[in-house]
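Residue numbers (our numbering): 11 to 405.
For reference, the structure discussed in these notes is given below.
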Ligand code: PLP
């Protein structure tokens, strides 16, 4: 390797350490459950997992993956249209479309991939893409890949969104893209207002519901169900790597024409392997389990409300909200990292986030609650929060 290149990487890594933004990986030796075995730490309660419904290690989800491994083998061999598509992909895509309330869906190896396979494919120079300022990194990068004009509106600011729609009335397509649930804040997109504006200005609405699928709405069908708007969202992208089994994978759901168009033109579909069949089978089992057990969503909401309420009673000020994402703002990045370390010493794993993931001065611990947590798990975590909060003069 070039010495200059290696030196530059080392220098920048040293800078990350100096600025205390260097990330160390924690290795786990057990499934993602309410408690995990962390190398060098033993058993810890995890408040940093997107395993919202506890399906990661549910026996029927794991068994479905094992059966698919025996039936279909380890991988897909290549690209779907070249070497064949497994029937498990069709089954999964039909189930996902039914679940989120659209005509069709198409799976990808991740939601990142689904986003990158969507906007650059369906938008061209004559179009405008209008994106919320707090959208996920995968949306930001996908928008950058687009040849369309790119516009950003301040977070959830409907007046600004309307101005942009008005200003681009002559574009061929106005394409609004928003997270369903904003991952660092835990707030929910204002879909009724967004859809109303889209109708007024003939725009397309796409929602990345990665933190909403399996979480929002009485049956976990996502942000659209939460708002009573199933069937009203033009395009939904989402992940299979959070509530729906937590393995990996993503999908784009919408009209049959959209799924067909993406099958023809979306570059990750044309030039990259499909979702491994084991993962497709586990995700399908997750959807089926959730359809049969909507009470998992109730348990998730009860747990989140309990944790949020008790945290506030202790004197913390979590960002208000209705989702299982409970961010506690601490200010400086170093403080968030310190608190995260102290919590880990007490057997509670919750990651601190600082700049550039969140704005300067708004470093936070993002707690994520799961239906898998027992009250005892949550109480262990709350006790550790109380102790570290006092230690750091936060409460
Ligand atoms: N979109 C949003 C809103 C997310 O929060 C995430 C993951 O954090 C992703 C996309 C990426 O999902 P995946 O892990 O399936 O690529």
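Don't be surprised by glycine CBs; every beta carbon is placed ideally from N, CA and C.
query                                                                                                                                   : result
Ligand 1 heavy atom lying under 7 angstroms from the CB of residue 260                                                                  : yes
Residue 251 beta carbon near ligand 1 (any heavy atom closer than 7 angstroms)                                                          : yes
Exposure label - residue 386; buried when at least 16 CB within 10 Å                                                                    : exposed
Given residue 350 as reference, the closest of 369, 322, 391, 331 once Cα atoms are compared                                            : 391
Contact test: residue 193 Cβ vs ligand 1 heavy atom, cutoff 7 angstroms                                                                 : yes
First and last residue of the uninterrupted alpha helix (DSSP H) at residue 2                                                           : Because the chain here runs from 11 to 405, residue 2 falls outside it and cannot be looked at.
Residue 233, buried or exposed, once every other Cβ within 10 Å from all chains shown has been counted against 16                       : buried
Inter-stretch contact (C-beta, 8 angstroms, three-pair minimum) for the stretch 228 to 247 and the stretch 121 to 129                   : yes
Pair within 8 angstroms by beta-carbon distance, residue 6 and residue 362                                                              : With the chain covering 11 to 405 only, the question about residue 6 has no answer from this structure.
Residue 262 (DSSP reduced to helix, strand or coil)                                                                                     : strand
Distance cut-off 7 angstroms: residue 137 Cβ against heavy atoms of ligand 1                                                            : no
Environment of residue 32 [buried if 16+ CB atoms lie within 10 Å]                                                                      : exposed
Cut-off 8 angstroms between Cβ atoms - residues of its own chain near residue 200, not counting five sequence neighbours on either side : 166, 168
Three-way DSSP call (helix, strand, coil) for residue 312 in this model                                                                 : helix
DSSP beta-bridge partners of residue 363                                                                                                : 374
Best match in 213, 64, 315 for proximity to residue 336 [C-alpha to C-alpha]                                                            : 315
For residue 213, the three-state DSSP class (helix, strand or coil)                                                                     : strand
Which listed residue (110, 277, 61) has its alpha carbon closest to that of residue 240                                                 : 110
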